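In the numbering used here, the protein residues as written are 1 to 266.
We treat Cβ as the ideally placed atom computed from N, Cα and C, and that holds for glycine.
Computed from a prediction, not measured in an experiment: that's the story for all the values here.
First the structure, in the form of structure tokens, and then the observations on it.
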Amino acid sequence: MNKRLMVALAALALPLWLQGCGASISDDADGNDDECGPAPGEAAGCGFDWMCVDGSWELVEVPTFAPCVECPASQPADGSACEEIGQECQYEVEYGCDDFPETITSQCTENGWMSFWPRCQPEPECPDTPPQAGTDCTGWDFAYYCSYEVDCGELGLLDMHCDFSTTPPLWVVDGGSDCVPTDCSAVTDAGVCNTTGGCQWLVPGCANDGQISITEGCYPVDDCLVTNECGPEEICVPEIYDPCIDGGCGACGIEYHVCEPAKLGG
Numbered sequence: 001m002n003k004r005l006m007v008a009l010a011a012l013a014l015p016l017w018l019q020g021c022g023a024s025i026s027d028d029a030d031g032n033d034d035e036c037g038p039a040p041g042e043a044a045g046c047g048f049d050w051m052c053v054d055g056s057w058e059l060v061e062v063p064t065f066a067p068c069v070e071c072p073a074s075q076p077a078d079g080s081a082c083e084e085i086g087q088e089c090q091y092e093v094e095y096g097c098d099d100f101p102e103t104i105t106s107q108c109t110e111n112g113w114m115s116f117w118p119r120c121q122p123e124p125e126c127p128d129t130p131p132q133a134g135t136d137c138t139g140w141d142f143a144y145y146c147s148y149e150v151d152c153g154e155l156g157l158l159d160m161h162c163d164f165s166t167t168p169p170l171w172v173v174d175g176g177s178d179c180v181p182t183d184c185s186a187v188t189d190a191g192v193c194n195t196t197g198g199c200q201w202l203v204p205g206c207a208n209d210g211q212i213s214i215t216e217g218c219y220p221v222d223d224c225l226v227t228n229e230c231g232p233e234e235i236c237v238p239e240i241y242d243p244c245i246d247g248g249c250g251a252c253g254i255e256y257h258v259c260e261p262a263k264l265g266g
């Protein structure tokens with residue numbers, strides 16, 4: 001038995017006795033043990049050592065002949081020099097995330113002190129009313145969770161967020177929402193339009209003389225001739241769209257009725 005282990009066992013006589021007679025004990029002098037396997041990778045710290053006790057590694061206090069390195073009184077700057085690789089020190093600091101101090105861990109590494117901060121998430125910032133799914137949400141940097149009460153025949157919840165994985169970023173409805181607004185005219189993306197219930201993306205068709213080509217965009221599946229939903233100062237007029245933009249047919253123009261402002265007077 002080496003001298004280091006004998007000193008350690010002498011210091012630990014009472015704790016080891018409490019573990020019961022016949023405990024199997026060995027040190028981690030070579031970083032490995034037939035019974036416990038490789039020692040834990042983290043540093044034991046000044047005045048402590050890893051010991052294999054009954055088949056598992058335990059962190060135990062051992063005598064030390066050199067003074068332990070104490071933590072700095074205040075949080076050290078990242079990159080500043082330190083002595084004990086692996087040493088960790090905790091500090092309570094206020095850094096503007098909320099009204100309460102947070103515990104920051106500073107660790108001594110080969111490159112000096114490094115600080116580990118808890119994640120600070122600002123409060124979400126959202127529009128006052130639900131935006132249309134698929135529309136541009138540029139400028140809403142903290143709209144990671146927006147929840148609205150909506151009327152879908154009964155009171156429900158609509159959860160949305162600004163998805164920055166697209167260019168430009170787009171409003172997305174989160175799974176589990178009770179209903180989705182279907183103001184088709186507000187959707188500016190063809191793919192989103194065609195996957196939004198009750199909407200379709202239309203492009204101009206080949207209009208004859210006197211006919212009007214539709215403006216490319218997102219429209220309700222049922223036109224105003226079916227819904228009769230034009231306003232008091234609007235009329236339902238036919239416009240021409242291309243029903244075969246994917247090349248699946250030979251037609252190039254078909255009517256779709258759109259609400260347009262009524263021309264008053266002469």
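{"Item": "Pick helix, strand or coil for valine 226, following the three-state DSSP scheme.", "Value": "helix"}
{"Item": "Identify whether serine 56 lies in helix, strand or coil by the three-state DSSP scheme.", "Value": "strand"}
{"Item": "I need the DSSP call for serine 185, collapsed to helix, strand or coil.", "Value": "helix"}
{"Item": "Just the Cα atoms here: how many angstroms apart are tyrosine 144 and tryptophan 117?", "Value": "21 Å"}
{"Item": "With a CB to CB cut of under 8 Å and the five nearest residues on each side skipped, what residues in its chain are close to aspartate 223?", "Value": "Cys236, Tyr256, His257, Val258"}
{"Item": "Quick check: what's the CA-CA separation for alanine 186 versus threonine 135?", "Value": "7 Å"}
{"Item": "Output needed for lysine 263: all residues of its chain with C-beta closer than 7 Å, excluding positions within five of it in sequence on either side, in chain order.", "Value": "none"}
{"Item": "Going along the chain, which residues of its own chain have a beta-carbon closer than 6 Å to the beta-carbon of cysteine 184, five neighbours each way excluded?", "Value": "Cys199, Cys218, Tyr219, Pro220"}
{"Item": "Under the DSSP definition of a beta bridge, which residues are partnered with isoleucine 104?", "Value": "Tyr91"}
{"Item": "Exposed or buried, what is alanine 23 when buried is set at 16 or more other beta-carbons lying within 10 Å of its beta-carbon?", "Value": "At alanine 23 the pLDDT is 39, less than 50, meaning the model places this residue with poor confidence and gives no usable figure here."}
{"Item": "Give a yes or no on whether the C-beta atoms belonging to valine 203 and glutamate 216 are separated by under 8 Å.", "Value": "yes"}
{"Item": "If glycine 86 sits next to tryptophan 113, beta carbons under 8 Å apart, how far is it from one beta carbon to the other, in whole angstroms?", "Value": "That belief does not hold up - the Cβ atoms of glycine 86 and tryptophan 113 are roughly 12 Å apart, past 8 Å."}
{"Item": "Suppose contacts are defined by Cβ-Cβ distances below 8 Å. Is cysteine 193 in contact with cysteine 252 by that definition?", "Value": "no"}
{"Item": "Taking C-alpha atoms, which residue in Asp174, Val93, Ile212 lies nearest to glutamate 239?", "Value": "Ile212"}
{"Item": "Pick from Ile254, Glu260, Ile245: whose alpha carbon is nearest that of glutamate 234?", "Value": "Glu260"}
{"Item": "Going by DSSP, name the residue or residues bridged to phenylalanine 48.", "Value": "Glu61"}
{"Item": "So what's cysteine 206 in DSSP terms, helix, strand or just coil?", "Value": "coil"}
{"Item": "If glutamate 314 and proline 101 are in contact, beta carbons under 8 Å, what's the gap, nearest whole angstrom?", "Value": "Shown here, the chain extends from 1 to 266; a query on residue 314 therefore has no answer."}
{"Item": "Using C-beta distances below 7 Å, list every residue in its chain close to tryptophan 140, excluding the 5 sequence neighbours before and after it, in chain order.", "Value": "Glu125, Cys162"}
{"Item": "Could you pull the DSSP bridge partners for threonine 109 from this structure?", "Value": "Gly112"}
{"Item": "Rounded to whole angstroms, what's the CA-CA distance from proline 40 to tryptophan 50? Just pull it up for me.", "Value": "8 Å"}
{"Item": "Identify the continuous beta strand (DSSP E) that holds glycine 217 and give its terminal residues.", "Value": "217-220"}
{"Item": "Could you check what DSSP says for cysteine 36 in three-state terms: helix, strand or coil?", "Value": "coil"}
{"Item": "So what does DSSP say about cysteine 21, is it helix, strand or coil?", "Value": "Bear in mind that the predicted position of cysteine 21 carries a pLDDT of just 35, short of 50, making it too unreliable to give a figure here."}
{"Item": "Around the Cβ of aspartate 242, are there at least 16 other Cβ atoms within 10 angstroms (buried) or fewer (exposed)?", "Value": "buried"}
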